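Below is one structure, written out as structure tokens; the observations come after it.
Protein chains in written order, with the working numbering: chain A, 1 to 143; chain B, 1 to 143; chain C, 1 to 143; chain D, 1 to 143.
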């Protein structure tokens, strides 16, 4: 399996921010992690406050750590709050219960994750998917 | 943009505590942070117990980190508890969901934040605004 | 034993910074802790970078935690590095091996500590003593 | 003072990595922080292992927190090991005693820092300066 490259990670960041500007989103922080949960590329737009990186990273790390996009994790947490609030503490806050953390796959294998924070969870996730699409890594786009 | 000075930060602290004594508030802790979230000035009144500093700082840092006064953050948290409880863990507890954390602006740009803890959130916030007014930094006072 | 008051702590800060400006010291951070190691007052001068508060606090907390001014702790650490480097980790970095952390006593009893960082350790300590003198708390001044 | 923009931070990263590839440097991690020490942009080259980001960030944060490039901090630490090893613990490891952490100034005011890790400290620092030059932010280049 070919690992996620810096070039691909930067294409995700660039594509996500292009989409955000096109839709007039709030200022965003965008991070891309490799399969081990380690950052590859990151950008925080002018006006995005400093917790946005922490939250974006928590989304991406949470998706990798649990093996599911944070949209799914948020749904699970809503139905089992006591367990997932405990998990948040267990993993040192490296999980976030809101859409915007999306796994990156190549040929069906997880090679990383993208996390975005700054606007609504739905908007953050849309921008993340736009970034994956721009990088040619949006699995669901396959014909 | 001119950064928040120590002189201004001390004026905020002095003004907030003068207001607190004038209204007979509980003993308070007052902290003023610069735009990067780093403390500039702090005072804990006689009788204010030691978590009051931690809570005051969490209010001020939370306001800066999210870009909104903690009155607003408290409202958001009430409507999306799972996400915001997770955020609190993600940022190491450096956010507090109660009024009393107020952004400091100059010419519309955030240059810091004040955080107060000790009485009710409403009273804490009133004292914070009194401190900003005394320092000539309460934007809403503009005619 | 009467606890260190906010008024006394602020007099220490004011006196220390007046002395610093009089001698043309580098920008300083000054913190005053109570006997339990909890901050009572703090000021960071314009131009003092943000680690200065952390170091000032480590000096003051270290003095309280070990029961000796940091001038003494620095001498001990020079003679027993392995032990004291380990202690630094044990206490989470809340100790600093340089002058500038000075115990505050009333009638022979420790009621707090002052910590200063920004210039040389010697200068930091001189300013701390000037602050204690201004507040009427420099034991060695007794006739 | 105009804050460091994302566009400038990305120009620093791009310029630093272009210089690194031109000289055949080892794979690098490059991070750019704002004046408050919060990340604005980051890239980790293919083959750069995961501690490289932590070290790059420690260089940049250490430069900001102490107000000096890490080349200077490394020299100071060599002459006062007990104090600086303690400082490293006090600030949670957010300082690194090797060249490669360089302050970013605009009109003489510090607006951020760049940190690079992956090759020798000297090479890391050269690449950092190349990035600043590419972004038009290398003060020493002024005629």
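Just so you know, even glycine gets a beta-carbon here, dropped at the ideal spot from N, CA and C.
The structure displayed is predicted, hence computed values, not measured ones.
How many Å lie between residue i and residue j at the Cα?
i	j	result
residue 142 (chain C)	residue 96 (chain C)	For residue 142 (chain C), the predicted structure reports a pLDDT of 47, less than 50, and the residue's modelled location is therefore unreliable. The matter cannot be settled from this model.
residue 76 (chain C)	residue 85 (chain D)	15 Å
residue 120 (chain C)	residue 57 (chain C)	16 Å
residue 81 (chain A)	residue 51 (chain B)	27 Å
residue 43 (chain A)	residue 110 (chain B)	21 Å
residue 28 (chain B)	residue 18 (chain C)	26 Å
residue 23 (chain D)	residue 137 (chain D)	21 Å
residue 65 (chain D)	residue 37 (chain B)	13 Å
residue 1 (chain A)	residue 105 (chain A)	10 Å
residue 49 (chain A)	residue 139 (chain C)	47 Å
residue 16 (chain A)	residue 25 (chain C)	49 Å
residue 114 (chain A)	residue 124 (chain A)	10 Å
residue 132 (chain C)	residue 73 (chain B)	41 Å
residue 88 (chain D)	residue 92 (chain C)	10 Å
residue 59 (chain A)	residue 90 (chain B)	10 Å
residue 10 (chain D)	residue 71 (chain A)	30 Å
residue 79 (chain C)	residue 122 (chain D)	33 Å
residue 20 (chain A)	residue 21 (chain D)	31 Å
residue 130 (chain A)	residue 130 (chain D)	32 Å
residue 126 (chain B)	residue 126 (chain D)	51 Å
At least one CB of chain C closer than 7 Å to the CB of residue i: is that the case?
i	result
residue 52 (chain B)	no
residue 11 (chain B)	no
residue 82 (chain D)	yes
Distance cutoff 7 Å, beta carbons only. Does residue i sit that close to anything in chain B?
i	result
residue 155 (chain C)	Shown here, chain C extends from 1 to 143; a query on residue 155 (chain C) therefore has no answer.
residue 143 (chain C)	Summary for residue 143 (chain C): the model assigns pLDDT 45, below 50, so the residue's position carries little reliability; its value from the coordinates is reported in the next sentence. Output row for residue 143 (chain C): interface = no.
residue 49 (chain A)	yes
residue 135 (chain A)	no
residue 130 (chain C)	no
What residues from chain D crowd round residue i, counting only those whose CB sits closer than 9 Å?
i	result
residue 37 (chain B)	36, 37 and 38
So is residue i in contact with chain D if we call contact Cβ pairs under 7 Å?
i	result
residue 16 (chain A)	no
residue 89 (chain C)	yes
residue 126 (chain C)	no
residue 2 (chain C)	no
With a cut-off of 8 Å on the beta carbons, I'd call residue i and residue j a contact; round off their distance for me.
i	j	result
residue 6 (chain D)	residue 30 (chain D)	Rounded, the Cβ-Cβ distance is 14 Å, inconsistent with contact.
residue 112 (chain D)	residue 32 (chain D)	6 Å
residue 102 (chain C)	residue 69 (chain C)	5 Å
residue 3 (chain A)	residue 46 (chain A)	Wrong, their Cβ atoms sit about 31 Å apart, outside the cutoff.
residue 100 (chain B)	residue 128 (chain B)	6 Å
residue 83 (chain D)	residue 98 (chain C)	5 Å
residue 8 (chain D)	residue 134 (chain D)	Going by Cβ atoms, the distance from residue 8 (chain D) to residue 134 (chain D) rounds to 10 Å, so no, they are not a contact pair.
residue 94 (chain D)	residue 67 (chain D)	Not really, about 14 Å apart at Cβ, beyond 8 Å.
Along chain D, in chain order, which residues have C-beta atoms closer than 7 Å to that of residue i?
i	result
residue 95 (chain C)	86
residue 25 (chain C)	In chain order: nothing, as chain D lies at least about 14 Å away.
Quick one: which chain A residues come within Cβ less than 8 Å of residue i?
i	result
residue 6 (chain D)	43, 44, 45 and 46
List, in chain order, every chain B residue whose beta-carbon is nearer than 7 Å to that of residue i.
i	result
residue 55 (chain A)	87 and 90
key: Proximal residues, the region 58-78 of chain D versus chain C, C-beta separation under 7 Å   = 64, 65, 66 and 67
request  = Can you give me, in chain order, the residues of the region 107-118 of chain A that have a beta carbon less than 9 Å from any beta carbon in chain B?
outcome  = none
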